[in-house]
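Asks:
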Amino acid sequence: MSIRSFLILVLFFKDARQNPFEAPPIPYPFDPGFLNDTELTRACLLDLTAFYAGLTTFTTTFVACRQQNGSACTPAQQKQLDDNIFAIQQLDAFGKIPPGLLELTIMNSGSYRECMEVKAPYEVQYCYVNAAVTNMSQFTDIEINMPATGNANIGPKVAVCMPESCTKKDIANFLNAANAQQLIPLQFTGTSCVPKSNTYPVAFWIYMAFLAFFISWAIVATGVDYVWQNHYKEKEQNKAVRVLLTYSIYSNGSILMDVRPPKKGTLKSLASIRFISMSWVAVGHVLMQEAFNDRLQITMNVWDPPLSNTITNGVLSVDTFFTLSGLLVAYIFFKSKPSIKFIKNPMLWIMFYVHRWLRLTPPIMMFIGFYVIMDPFVHGPWAQSKVDLIDQGPEVCKKYFWRNLLYINNFFAPEENCYAVTWYLAVDTQLYFVAPVFLIVFVISQFAGFLLVVACIAGSVGYVYAITIQKSLPGAMGIPQANAMMDFFTLHYEKPWTRCTPFLIGFLTGYVLALGKKPKLIKRLVIPIWLLATAVALACVYGSHRYLTGDDDWNVIVRATYNNFSRIGWALAVCWVIAANHWEWGGMIAKFMDHPAWQPLGKLSYCGYITHYFIARYIHDLDDRPTHFTSLWRMYIYVLIPNVVVSYVFSFFWSCLFEIPVVKLEKMLTDGLVPRKPATVKPVEEGTSKGGVDLTTAEPVTKKKGSDSGAAALPEKKAANNLMNKSHLRDFQAQGRIPSTCRTLSRSSVSK
């Protein structure tokens, strides 16, 4: 008999150690009499009976070998042991009573690898069975009040290795029958099994063919571009060649990796802000995926160190991007000095909206397709041990993808949201779509514009107070407030009228910066203002610490106040950093944030955002068991850094395929629809458009005496298109960011 067989038997049947000459008892749930009384399907019953027979044969044979006065098993006995060891392996793969019960260990993980290696006369499957605690208040003060669908079940789970013929209902019935005496206060409610193989539906082949087409295009374009650059550089390219080369990774990669300093007048700090905030977003999403780990108590303690708020309160990263979005909409628009006649041109606003939709949609919709198609292939034991909402993502996308196409997905229930992080794109797009109201009013009257912005901010603040008081919403996101999280998301967190305050504050800042006038400020006041901005930012991030740990019980007014003014204070601090650096009041901070090395990272921020969430899932799914969370620092080193690195590498190619080419094709299309009129426009310096805008910086060109250049020399339709085109090249060549009026970044650090 092999040592392996002996060890397996000793581990499971302690009676064999106590009396080696008696067959150890088989656990009663596998007894035929018990099985016959259980509501199981016939196929499942037959396979479980075979399982029981294998256990019985192995144990009796083992005892018989021991009764032979220490002599080795006979060849026949050894064959019986080898033929039936599968039953012991299968039982060994079950989850067992884990250590650390006082840490609220809620996941009894078995051995996925061992289960998959079982060579039984039937196929096996590895599943996690959800268990509802009969009275959870006996174990913890957390009250969970989630929908009955189980989409947010964070209760106990136990791993089982069962015959594949057993349905999910069979498995739950089997465990409930085994626990009929309520020896443990659990009711098994549902089962989630790891898929053993994946089918290839028609949609898979359609998407892969579509993706292969663009990859092939990129390969051919890259080769042609390389040859052209080295042998035919002086030869003019016709339209067909220009269209082909829009997908050249050689050229597109050069645009992304360009670190030449932008010209004076551009907002140089934005690239660093994007990357730092993007990393902040990523760490929040990684924490969200690690939060539902095998021990509940360690998750509860993650809020204890005050510095942990840097991660756990990372939802402010969302407000950073809303601030940037509003700032860039105003800055780009007002930098061109629009007139009342200009804003009356309908082509301006048509292109304003078309540009936005074309700019955002191809990268995100292609990635949603990638997510739906590829998710089953990375879906392993880790994903099955998570809450059901994570598992349902691809199915939700198949049904509701059109909502993402229209950017209205944030108006529906969280469980109907396709790819969780896309809620931000919807809110940001909705704010962008109403931005022309503010743009037009500011062109007509600066005073009226300021009044409108202030009125909207006041209205948003009033709504947040009202809804927080009415629904008793929490003051911050966190597990201690889990019972109110559903209302928090649906009524507050994902709605444009609650998230508009940073956008509008950024809008005002962008307007002031676009005026081009540096305010006169006494130098000795610069440092105090920096200190004040820093203090406000720190208060916004760390002010909720005692509330999140449960040490302070905020009343509803305090919660509403924090929800409102943490967002406003953070936006003001971010705007000061951008403005101070732009006006050369940043000192060493500006030198660090304005360094050209940030530019590639800033340009990849959009694709990095839409890819990082899925890549975090992929990294977690490389494991064969639930997350064993130990500390935020360990999570940062072992999960976050790989996630950011892999996300940005993947994003480089995704941007080359679906982001930059669209920008180039859109520019070619608008230029083709509205051709230039060289007879009425004089040439200007290299690097500038004939509409008086420097295409490398998007800065207006100073009109020289006797020159006809400038937007006034163009038809109104052309001027409108030129405003859109200048943002394209400025975004990629100068600012080190994704197209400015199309800011699209980020999910909160804790998404649904």
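Residues -18 to -1, 1 to 734 in mature numbering (1 follows the signal peptide of the UniProt record, and there is no 0) are what the sequence shown lists, from first letter to last.
Cβ atoms here follow ideal geometry from the backbone N, Cα and C, with glycine treated the same way.
For clarity, every value in this text was computed on a predicted model and none was experimentally measured.
(1) Judging by CA-CA distance, which residue of G569, K585, P624, A448 is the nearest neighbour of R541?
(2) Going by other Cβ atoms of all chains shown within 10 Å of its Cβ, with 16 needed for buried, is A69 buried or exposed?
(3) Under three-state DSSP, which class holds G568?
(4) Are the stretch 384 to 393 and the stretch 633 to 647 touching by the rule of at least three beta carbon pairs closer than 8 Å?
(5) From I439, T472, C438, pick the residue whose C-alpha is nearest to that of K453; which is it?
(6) Quick check on C482: does DSSP put it in helix, strand or coil?
(7) For the beta strand (DSSP E) that contains L168, what are its first and last residues?
(8) Using alpha carbons as the reference points, say which of E272, V360, A75 lies closest to P177.
(9) The beta strand (DSSP E) that contains M144, what's its start and end?
(10) Under the assumption that L63 contacts T43 (Cβ atoms under 8 Å), give the Cβ distance between them as a whole number of angstroms.
(11) Can the beta-carbon of T87 be found closer than 7 Å to that of R242?
(12) Is the stretch 643 to 658 in contact with the stretch 206 to 213, if contact means three or more CB pairs nearer than 8 Å?
(13) Determine whether the beta carbon atoms of residue 750 and S147 lie at a separation below 7 Å.
(14) Kindly indicate which three-state DSSP category N275 falls into: helix, strand or coil?
(15) First and last residue of the alpha helix (DSSP H) that includes Y529?
(16) Comparing the C-beta of L639 with each C-beta of chain E, is any distance below 7 Å?
(17) Can you list, in chain order, the residues of its chain with a C-beta nearer than 6 Å to that of I355? Leave out the 5 residues immediately preceding and following it.
(18) Name the residue from L421, F485, I539, D410 whose alpha carbon lies nearest to the alpha carbon of F316.
(19) Which of the three DSSP states is assigned to S107 in this structure?
(20) What whole-angstrom Cβ distance do L583 and F303 have, given they're in contact under 8 Å?
(21) Going by C-alpha distance, which of Q60, L83, M348, P80 is nearest I197?
(22) Alpha helix (DSSP H) containing L503: first to last residue?
(23) Where do the N-terminal and C-terminal ends of the alpha helix (DSSP H) with L310 fall, by residue?
(24) Per DSSP, which one or two residues make a beta bridge with M89?
(25) Just the C-alpha distance for S321 and V436, rounded to the nearest angstrom, thanks.
(26) Buried or exposed: where does D286 fall if 16 or more other Cβ atoms within 10 Å of its Cβ makes it buried?
(27) Count the other CB atoms, across all protein chains shown, that sit within 10 Å of the CB of R481; report buried if there are 16 or more and exposed otherwise.
(28) Give the straight-line distance between the Cα atoms of T204 and E216, rounded to the nearest whole angstrom.
(29) Quick one, are the C-beta atoms of D346 and I592 less than 7 Å apart?
(30) Excluding five sequence neighbours on each side, which residues of the same chain lie with their C-beta closer than 8 Å to the C-beta of A555?
(31) Quick check on DSSP: helix, strand or coil for N112?
(32) Along the chain, where does the alpha helix (DSSP H) that runs through V628 open and close?
(33) Count the other CB atoms within 10 Å of the CB of E272; is the residue buried (16 or more) or exposed (fewer)?
(34) Please state if the CB of S254 and the CB of M570 are separated by a distance shorter than 7 Å.
(35) In its own chain, which residues sit with a C-beta less than 7 Å from the C-beta of F362, not counting the 5 before and 5 after it?
(36) Going by DSSP in three states, S722 sits in which element: helix, strand or coil?
Replies: In terms of the structure at hand:
(1) Translated into positions along the sequence shown, residue 541 becomes position 559. Ranking the options by Cα distance to R541, first place goes to A448.
(2) Translated into positions along the sequence shown, residue 69 becomes position 87. Buried is the call here.
(3) Counted from its first residue, the sequence shown places residue 568 at position 586. Coil.
(4) With the cut-off at 8 Å, the stretch 384 to 393 and the stretch 633 to 647 do not touch.
(5) Walking along the sequence shown from the start, residue 453 turns up at place 471. Checking every option, the nearest Cα to that of K453 belongs to T472.
(6) Reading the sequence shown from its first residue, position 500 is the one you call residue 482. Looking at C482 - three-state DSSP - the assignment turns out to be helix.
(7) The residue you call residue 168 lines up with position 186 of the sequence shown. Run containing L168: 168 to 175, per the beta strand (DSSP E) assignment.
(8) For the purposes of this step, residue 177 is taken as the residue at position 195 of the sequence shown. Taking only the C-alpha atoms, the option nearest P177 is V360.
(9) Numbered from its first residue, the sequence shown carries residue 144 at position 162. Taken as a continuous stretch (DSSP letters only), the beta strand (DSSP E) holding M144 covers 139 to 145.
(10) Looking up residue 63 in the sequence shown gives position 81. Looking up residue 43 in the sequence shown gives position 61. Confirmed, Cβ separation roughly 6 Å.
(11) Taking the sequence shown and counting its residues from 1, one reaches residue 87 at position 105. Taking the sequence shown and counting its residues from 1, one reaches residue 242 at position 260. No, they are not a contact pair.
(12) no
(13) Nothing about residue 750 can be reported from this structure: the residues present for the chain run from -18 to 734 only.
(14) Here residue 275 corresponds to residue number 293 of the sequence shown, with the count starting at 1. Three-state result, N275: coil.
(15) Within the sequence shown, residue 529 is the residue found at index 547, counting from 1. Segment 527 to 531, the alpha helix (DSSP H) holding Y529.
(16) Among the protein chains of the structure shown there is no chain E, as only one such chain exists.
(17) Taking the first residue of the sequence shown as 1, we reach residue 355 at position 373. Same-chain partners within the cutoff: F186, Y189.
(18) Locating residue 316 in the sequence shown gives position 334, where the first residue counts as 1. It is L421 whose Cα lies nearest to the Cα of F316.
(19) As a working mapping, residue 107 is identified with position 125 in the sequence shown. The residue you asked about is not Ser; residue 107 is Gln in the sequence shown. In this structure, Q107 counts as strand in the three-state DSSP scheme.
(20) The residue given as residue 583 occupies position 601 in the sequence shown. The residue given as residue 303 occupies position 321 in the sequence shown. So it is not a contact: roughly 15 Å between Cβ atoms.
(21) The sequence position of residue 197 within the sequence shown is 215, counting from 1. The shortest Cα separation from I197 among Q60, L83, M348, P80 belongs to M348.
(22) The residue labelled residue 503 in the question sits at position 521 within the sequence shown. That residue, L503, is in no alpha helix (DSSP H); it is neither H nor E in DSSP.
(23) In the sequence shown, the residue the question calls residue 310 occupies position 328. L310 -> alpha helix (DSSP H) spans 298 to 317.
(24) Counting from 1 along the sequence shown, the entry for residue 89 is found at position 107. In the DSSP output, where bridge partners are listed per residue, M89 has K139.
(25) Numbered from 1 along the sequence shown, position 339 holds the residue referred to as residue 321. Numbered from 1 along the sequence shown, position 454 holds the residue referred to as residue 436. The straight-line gap from Cα to Cα measures roughly 23 Å.
(26) Taking the first residue of the sequence shown as 1, we reach residue 286 at position 304. Answer is exposed; the Cβ neighbour count stays below 16.
(27) For the purposes of this step, residue 481 is taken as residue 499 along the sequence shown, with counting starting at 1. By the neighbour-count rule (16 or more Cβ atoms within 10 Å), R481 is buried.
(28) Along the sequence shown, one-based indexing puts residue 204 at 222. Along the sequence shown, one-based indexing puts residue 216 at 234. Distance between the alpha carbons of T204 and E216 is about 18 Å.
(29) As a position in the sequence shown, residue 346 is number 364, starting the count at 1. As a position in the sequence shown, residue 592 is number 610, starting the count at 1. Inspection of the sequence shows that residue 346 is occupied by Ile rather than by Asp. Yes, the pair counts as a contact, with Cβ atoms nearer than the cut-off.
(30) Taking the sequence shown and counting its residues from 1, the one referred to as residue 555 is at position 573. Hits under 8 Å: A515, T516, V518, A519, C522.
(31) One-based indexing of the sequence shown puts residue 112 at position 130. It is a strand residue.
(32) Mapped onto the sequence shown, residue 628 falls at position 646. Note, V628: alpha helix (DSSP H), 623 to 640.
(33) For the purposes of this step, residue 272 is identified with residue 290 of the sequence shown, where counting begins at 1. By the 10 Å Cβ count, E272 comes out buried.
(34) Counting from 1 along the sequence shown, the entry for residue 570 is found at position 588. Counting from 1 along the sequence shown, the entry for residue 254 is found at position 272. Not in contact: M570 and S254 (Cβ atoms no closer than 7 Å).
(35) As a working mapping, residue 362 is identified with position 380 in the sequence shown. Just to set this straight, residue 362 is Gly in the shown sequence, not Phe. Residues of the same chain with a CB within less than 7 Å of the CB of G362, apart from the 5 flanking positions on each side, are V176, D603, D606 in chain order.
(36) Position 740 of the sequence shown, counted from the start, is the residue given in the question as residue 722. Unreliable positioning characterises S722 in this predicted model, as indicated by a pLDDT of 35, which lies under 50. The coordinate reading is nonetheless provided below. Looking at S722 - three-state DSSP - the assignment turns out to be helix.
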